[in-house]
Structure formats: structure tokens, C-alpha cells
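Please read the structure below before turning to the comments.
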Amino acid sequence: MAKADTKLFNKASQVVLVRQGDRTVLTMANDFRGDPKEFAVVIPVPVVLQKEQVHIGDKALLDHLDAYSAPRLVEYFDEDPCSVLYDRLAMATPAAPGLAGGQMASSRSKSLGVTIEARYTVGEYDILILSALQSSGLETWLRENGYRIPAGASSVLSSYIRQNLKFFVAKVNLKEQARLGYTVLRPIQVAYESPKFMLPIRLGMVNADGPQELFVYALTRNGRVEATNYRTVKLPTGDELPLYVKDRFADFYKAMFTHQAMKENMSAIFTEYAWDMAWCDPCAADPLSPNELRNLGVFWLNDSGDPQRGAPRPPIPIRSGPQNAFITRLHVRYDAAHFPEDLVFQETSDRSNFQGRYVLRHKWTGEGSCEAATRYRADLPRKQEREAQSLAALTGWDINDIRRTMKVAPPPPEPVAWWQRIWK
Amino acid sequence: MPLFPQLRTSVFSDPRHYQITVLASLLVYGVLALDFEIAAGRAAAIVVTALVTQFACTRLWALERFDPRSALISGLSLCLLLRANSIALALAAAVIAVVSKFIIQVKHKHLFNPTNIAIVSLMAFTGQVWVSPGQWGNVAFFAFLMACLGGLVVNRAKRSDVTYAFIAFYMALVFGRSIWLAEPLTIPVHRLQNGALLLFTFFMISDPRTTPNSRIGRIIFAFLVAFGAWYIQFRLFRTNGPLWSLAICSLTVPLLDWLLPANRYEWRQRTCGVKAVQVMYETISTVARRVDDRRRLAQPGASRLLRLLRGQG
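Line by line, the protein sequences give chains A and B. Mapping of the first sequence onto the numbering used here: residues 1 to 424, in sequence order. Mapping of the second sequence onto the numbering used here: residues 1 to 313, in sequence order.
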């Protein structure tokens with residue numbers, strides 16, 4: 001089994017964005033491993049959130065979603081060419097989590113123009129909803145209350161304040177955490193209604209050293225989600241790769257993503273998976289159950305008594321599940337130079353399925369001697385060379401290193417034309 | 001009835017030839033370099049449907065000659081902009097675009113830009129089509145290239161005023177909002193460096209057949225479209241503001257033409273004789289309209305407004 005560790009990408013965040021109409025449920029997960037005292041988040045939100053709009057989710061749900069939607073390897077075994085038919089085996093590996101942090105304490109000052117619109121404790125988090133009149137006031141307030149917010153945040157905060165956004169501020173309540181007995185920080189979920197279908201990323205880029213990684217799992221009713229203010233590109237898929245990629249799938253995925261992002265000038269968002277959540281083929285992990293989806297915030301599942309309403313029946317339902325949820329997994333590596341504005345999305349009615357899927361072919365080693373077998377053997381070096389070339393093109397790895405690892409010889413040089421030898 | 005009359009004239013005597021060339025090149029670039037999600041077969045089907053519809057309408061309305069150019073432009077624009085799951089809807093768009101020119105007319109002038117009304121009506125009534133404004137990316141070079149190419153087209157169409165007025169108003173609104181919000185200026189620049197916006201500005205709103213006849217009318221129209229687009233995009237937070245805004249603001253064109261009369265745009269350069277007759281006819285009809293206007297302006301309040309709009313007061 002090929003395995004890619006979930007800590008594949010550093011500084012990675014995972015966000016689940018459930019959306020229908022103006023209703024949005026946002027789940028934010030983090031793999032914060034430091035001292036919980038150090039943890040804090042500041043997120044601009046469009047409305048004042050009441051306690052009932054905030055919920056603490058289960059990290060396992062995100063892990064499941066990650067595994068279900070991750071780029072996958074498929075293995076095929078070449079059959080005896082003297083007969084035909086393929087057997088297949090599927091497997092997959094997930095990608096990565098995380099969310100930016102900050103710092104926290106408590107006390108307030110009206111004179112700074114900061115208003116605490118709401119204050120409550122949910123699960124292991126103390127949550128405040130702040131509104132502010134001035135960014136400098138808000139910055140001072142956050143500092144005085146123990147948030148170590150980066151220098152320069154004020155300029156970003158000010159545009160959010162002018163847009164009348166509120167600030168969702170959370171820190172860990174250590175007592176509650178000890179009482180509840182959780183050692184890892186669970187994802188925070190918020191539900192709200194707003195025409196804005198966007199993710200604020202600018203705060204996270206203040207003072208960031210190097211690009212950051214974000215995975216967005218959009219769950220919608222109609223179809224694929226894409227960015228409207230950046231190019232959304234599909235990850236290359238379907239290539240046949242050398243067998244050794246099986247043991248180095250994590251490296252491959254990382255290198256490929258980096259290479260593809262560079263090819264798009266570091267300014268594109270990648271679609272890694274887009275699928276009707278009722279099924280998968282091949283399945284990297286089982287589709288999520290209706291219950292899991294509801295916990296992630298897919299609120300419309302409650303609306304219809306019949307979960308199979310509205311969507312066309314898949315041709316080969318591998319495993320059954322709710323039909324009217326469509327997942328889009330987006331992966332973006334962003335920095336301030338290439339992503340000056342927050343991500344804005346739209347839901348399209350595109351229901352065509354897409355997956356990042358890479359093929360390994362085991363060669364047939366039988367003894368057959370029919371004509372097809374002879375042709376098959378003669379063709380093998382060319383096939384292997386093609387696989388090496390694909391891998392090099394996807395990842396930017398050196399073709400000679402790849403050939404060495406594959407233990408294949410480079411192809412014989414092209415025959416030299418007579419005129420090329422004249423003036424040597 | 002001669003087919004393809006343009007073949008007899010020089011290739012760029014008509015701005016539409018240049019426009020067709022540019023749109024076709026953009027489509028090829030989009031499919032090859034930017035992975036636009038439109039297969040060659042579907043693109044061909046859309047263009048052919050637009051042409052066939054134009055031909056059928058030409059017969060049905062007993063027009064003198066079949067002119068494929070406008071239909072070709074609509075077909076190519078739809079390939080560039082419209083995305084749909086089902087090919088039936090994509091073809092329906094081509095039919096709506098062309099038929100709208102024949103059916104939705106006010107005083108023999110079609111009301112909507114054909115591509116625009118096809119996209120907007122399908123988005124509004126089926127919910128099964130979409131436009132991907134982000135598909136072009138923000139590569140500055142590409143934006144620049146498109147602006148140049150588009151600029152050429154509008155200059156040739158001699159109605160570049162609406163394009164420049166629109167982009168000036170829209171830039172003012174987008175920059176204005178960012179300055180008001182104290183956002184870094186990289187944000188509005190990024191928003192304006194959008195291929196879809198350029199395509200709209202240089203190839204859609206510039207359509208001389210659906211913009212007001214008078215210059216001042218076109219500038220007012222450009223402002224309305226720019227404000228509507230900005231409002232939809234940045235106050236209502238919906239996508240494709242320019243497309244929705246153009247469709248809605250097109251309804252004001254007959255009013256602007258009535259308030260601010262001027263000659264209608266004709267694509268083709270006529271021969272001297274034809275042109276003289278045409279100019280005479282238009283002068284007479286303009287004078288007649290103005291006389292009508294005066295009569296209507298018996299009411300003092302309205303007359304002041306009209307004089308003001310015409311720059312006479």
C-alpha cells in the first residue's frame with residue numbers, strides 16, 4: 001500500500017465549506033501541536049455569530065473526507081497478452097491538515113473602539129465576536145489581551161472593519177480542555193447566512209514566511225465549486241507512472257503539486273477531486289455516511305426524506321450513500337505576491353466527476369510465446385521510457401535519476417542524419 | 001441571393017472580420033494553453049448552430065441576404081464564455097442568441113447583445129449553465145495582449161467611446177472602493193487584470209448595434225453598466241456582474257435613443273449613392289423625431305431635462 005503521511009505539507013490548513021444558497025457552514029481544522037495556551041484564531045466573519053451557530057466538530061470527519069478525496073494510485077496487472085482482460089486494485093493516500101495560530105488572554109477596552117458582540121465557551125474554546133471601529137484600536141486590544149498578532153496585521157484588519165465584518169476570536173480554555181479530556185484541538189464549525197462565498201486568507205499571509213497550503217473541501221448540492229478571482233485548474237491525472245512511485249507516493253504527490261503550481265505561475269487553485277458523494281471509483285476511502293455529512297454541516301440532507309432525490313443514478317454505485325451532495329477538493333499554495341485578494345468562489349452546475357488518479361502497471365512476466373507476447377516484450381522498453389517521461393514531466397524530476405531508479409537504460413539515441421556528421 | 005458577400009470585399013473592410021479573427025484566436029489559445037473546458041466538437045456544434053439559425057431567420061424574415069458574420073461572432077463568444085453540462089443547452093444558447101436579434105427589437109434595432117442575452121437568460125432560467133470568470137487567470141501579459149487586440153477592434157468599429165467610458169467608470173468604482181476600504185492597490189489591480197472583464201469590455205459592451213446611437217447616450221449607458229456591474233459584484237457579492245448588468249441596462253437603450261436621438265450605426269460602408277440616400281433619410285427622420293420631441297416637450301419640466309441631456313442647456 002502506498003502511504004502519504006498526513007503531515008505531508010507544512011503549514012497546511014483544512015477547511016470544509018458547506019454551502020447552499022446563502023447558507024454556509026464552515027469547518028476549520030488545524031494540526032496545531034504546540035502548547036494549547038499559545039493557540040488562537042482570528043477570523044473575519046460577515047455576521048455576529050450566536051453561541052448556537054458555533055459547534056465543535058470531530059477531526060476524524062475531516063480525516064475521512066481527506067482520505068476519500070485524496071489523489072490516488074491505481075494498480076493494474078498486465079495480463080497474459082495471449083488472452084485479454086484486466087484485473088485491478090485500487091488504493092489511495094490522503095493529504096494534509098492544519099490552521100494558523102496566534103495567542104490569547106482576556107480584558108477589554110471600550111476606548112479602543114472595540115465592542116464584544118458576543119462571548120461564550122463552546123467545547124474547549126473560549127470564543128469572542130468582536131466588532132471594531134478602527135484597526136489600530138483592534139490591534140491594540142488584541143495585543144493587550146495577549147494575542148501575539150503579527151506586525152502589519154492592522155492594515156489588513158482595517159479593510160475588513162470598513163467592510164463591516166466582525167472578528168471571530170477563539171482561544172483554548174485549558175480548564176474545559178482538561179475536563180473534556182481532549183488532547184488534540186478539535187475543528188471549529190460555524191454556521192451563518194451571507195451572500196459572500198469566500199475565504200479570507202489575507203490575515204494569514206501577514207508576516208508569513210513562505211507560501212502556505214490550504215485544502216478546501218466544498219460540499220454543495222448542485223455541482224463543482226471554483227474560484228472566480230483566480231484560475232482554477234485541474235490537477236494532471238491518468239498518467240501511467242513507473243512502479244517505484246508506489247513506495248514514494250507522498251514524495252511524488254508533493255513534487256508534482258509543487259511543479260504544477262510553478263507551471264501556473266504560483267497563482268492558480270487546483271481541483272484535486274470533484275465527485276458526487278454517493279460513490280467513488282476507485283474508492284480511496286468509503287464515501288461519507290449521511291450522518292457524517294450532517295455533522296460536517298450538510299444541512300439539506302434533513303430537508304428531503306429521500307436522500308436519493310435530485311441526482312442521476314451513478315452507473316456503478318460502488319457503495320451507497322447520500323446522493324445530493326457534491327464534493328470539490330481544492331488545493332492552493334498561496335503567498336501575498338501571487339494571491340493579493342481573498343478567495344472568492346462560485347458553485348457551478350458542473351457535475352462531471354474528476355479525480356487525481358495515477359496508474360501503475362505491473363508487467364506480465366509469463367512465458368507465453370504467441371505473437372502478441374513477443375510484441376508485448378518488444379514494446380516494454382518503450383512503455384517504461386514513456387512512464388519515465390511522464391513522471392519527469394509531472395514532477396520536474398531528473399529523467400536520468402528516474403531511469404536509474406527504474407533500472408532501465410536510456411533509450412538508444414536517435415539515428416544521426418548524415419548531414420549532422422559533416423561539420424562535426 | 002449571393003452567399004458570403006464579404007469574400008468579395010477586402011478582408012478588413014468590416015470591423016467584424018477582425019473581431020472574428022481575434023475571437024477565434026482566443027478560443028484556440030484558451031483550449032490549447034488554458035485548458036478551457038470546451039471540446040472542439042462542441043465548439044463547432046455551437047458555431048454551426050448559430051450559423052444555421054441565422055440562415056433560417058434570414059429566410060423566415062425574408063431578408064435580402066444571408067450575413068454569417070454576426071452569428072459567427074455570437075457563436076465564438078458563446079464558446080469562450082458559456083459552460084454547460086448538456087450540449088443541448090449550449091446549442092439552445094446559440095439559437096437564443098441569434099433569434100433574439102430578430103424577435104426582440106425596438107424600432108428595428110435589436111435590444112440585447114445576442115451573446116449576452118443568451119447567457120443571462122439561460123443562467124437565470126435553467127441554472128444549468130455557468131460562466132467561469134477566473135478561467136483566464138491574471139497573467140499581465142495576456143491581459144495586455146487582449147487589451148491591444150480588443151482596442152483594435154473597437155477602434156475599427158468607430159464606437160470605442162462606450163468601451164473607454166465603461167472601463168474608466170468601472171476602474172473608478174473598483175479603485176474607489178479599494179481606497180475607501182484602505183485595501184492595498186494590488187487588490188483592485190488584480191481584479192481589473194481579468195481576462196473575462198477585458199473580453200466583456202472590448203468585445204461585448206462595444207457592440208455598436210446594441211448601444212445608444214448618440215455619443216452622450218453611450219457614455220450614460222457605459223456608466224449605468226459599470227455601476228450595475230460593480231453593484232452586483234461588490235455590494236450583492238454575486239459573480240458575473242458585468243453580464244447581468246449589461247442585460248438589465250440594455251432595457252434603457254430605447255429610452256436613451258428617444259431622449260438623445262442620433263444616427264444608427266451601420267456595419268458596412270455603403271457606396272456613395274446608397275450612403276447619400278441613407279444620410280438623407282436619416283437626416284429627415286432625425287428632424288422628424290426632433291419635431292416630435294418638441295411637441296412632446298410641451299411640458300416645461302421635461303423640456304429642461306432634455307435640453308440638459310442634449311447639452312443645449
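Glycine included, each C-beta is placed from N, C-alpha and C at the ideal position. Keep in mind it's a predicted model, so treat the numbers as computed, not measured.
Proximal residues, the stretch 330-349 of chain A versus chain B, C-beta separation under 7 Å: Taking a C-beta cut-off of 7 Å against chain B, the contacting residues of the stretch 330-349 of chain A are P340, E341, Q346, T348 and S349, listed in chain order.
Neighbourhood of V106(B) by C-beta, 7 Å cutoff - its chain only, sequence neighbours within 5 removed: P254
Rounded C-alpha distance that separates S70(B) from A97(B): 10 Å
Sequence-distant residues of its chain with Cβ nearer than 6 Å to A93(B) (five each side left out): These residues qualify, in order along the chain: L78, L82, A118 and L122.
Run of the beta strand (DSSP E) containing I269(A), from where it starts to where it stops: That run of the beta strand (DSSP E) goes A268 to D276.
Neighbour list for A268(A) in chain B, Cβ cutoff strictly below 8 Å: G137
Straight-line gap, L32(B) to S25(B) (C-alpha atoms, nearest Å): 11 Å
Simplified DSSP assignment, three categories, for R83(B): strand
Coil, strand or helix - A227(A) by DSSP: strand
Beta-carbon proximity check, L181(B) vs R162(A), cutoff 8 Å: yes
Neighbour flag for R72(A) against chain B, beta carbons, 8 Å: Judged by the 8 Å Cβ criterion, R72(A) is not in contact with chain B.
Buried versus exposed, by CB contacts within 10 Å (16 or more), M204(B): buried
Residue-chain proximity (I232(B), chain A), Cβ-Cβ < 8 Å: no
Pick from G134(B), I187(B), L192(B) and A226(B) that is closest to S206(B), judged by C-alpha positions: A226(B)
Option nearest L130(A) by Cα separation, candidates A70(A), S194(A) and V41(A): V41(A)
Chain B contact residues for K196(A), given Cβ-Cβ distances below 8 Å: F237
Below-8 Å beta-carbon distance, R143(A) vs any chain B residue: no
Beta-bridge pairing of E240(A) - partner residues as DSSP gives them: V359(A)
Option in D35(B), Y231(B) and P212(B) with minimal Cα separation from D161(B): P212(B)
Cβ neighbour criterion (16 or more within 10 Å) applied to R329(A): buried
Spatial distance of G30(B) from A44(B) (CA atoms): For G30(B) and A44(B), the distance between alpha carbons rounds to 15 Å.
Chain B contact residues for Q53(A), given Cβ-Cβ distances below 9 Å: Result: empty, since nearest Cβ-Cβ is about 20 Å, beyond 9 Å.
Candidates D251(A), I269(A) and Q355(A), of which the one nearest Q212(A) by Cα: I269(A)
Sequence-distant residues of the same chain with beta carbon closer than 6 Å to F223(B), five excluded per side: F169
Interface positions of the stretch 229-240 of chain A facing chain B (Cβ-Cβ less than 9 Å), listed along the chain: N229, Y230, R231, T232, V233 and K234
Local Cβ density within 10 Å of T365(A), reported as buried at 16 or more and exposed below that: Looking at its Cβ environment, which holds fewer than 16 other Cβ atoms inside 10 Å, T365(A) is exposed.
Residue span of the alpha helix (DSSP H) that contains V321(B), given as start and end: Nothing in the structure corresponds to residue 321(B), since chain B is present only between 1 and 313.
Helix, strand or coil at T201(B) according to DSSP, with G and I counted as helix: Collapsing the DSSP output to three states places T201(B) in a helix.
Near-chain B residues of the stretch 154-177 of chain A (beta-carbon distance less than 8 Å), N- to C-terminal order: S155, S158, S159, R162 and Q163
Beta-carbon contacts of L235(A) that lie in its chain and below 6 Å, excluding the five residues immediately before and after: Sequence-distant Cβ neighbours of L235(A) in its own chain, meaning closer than 6 Å and more than five residues away, are F270, E272 and G356.
8 Å contact criterion, which Q20(A) and A118(A) should meet: CB distance rounded: Q20(A) to A118(A), Cβ: 25 Å. No contact.
Inter-stretch contact at 8 Å, needing at least 3 Cβ pairs: the stretch 134-142 of chain A / the stretch 152-170 of chain A: yes
Within chain B, the residues that R351(A) reaches when beta carbons sit closer than 8 Å: N85
Euclidean distance between Cα positions of G310(A) and T374(A): Legend: pLDDT at G310(A) = 42, less than 50; position of this residue unreliable, value from coordinates given subsequently. As the crow flies, the alpha-carbon of G310(A) is around 52 Å from that of T374(A).
Cβ-based neighbour list, Q14(A), same chain, cut-off 6 Å, excluding 5 preceding and 5 following: A29, L62, P97 and F215
Environment of S369(A) [buried if 16+ CB atoms lie within 10 Å]: Under a 10 Å Cβ-count criterion, S369(A) is classified as exposed, with fewer than 16 other Cβ atoms of the shown protein chains found around its own Cβ.
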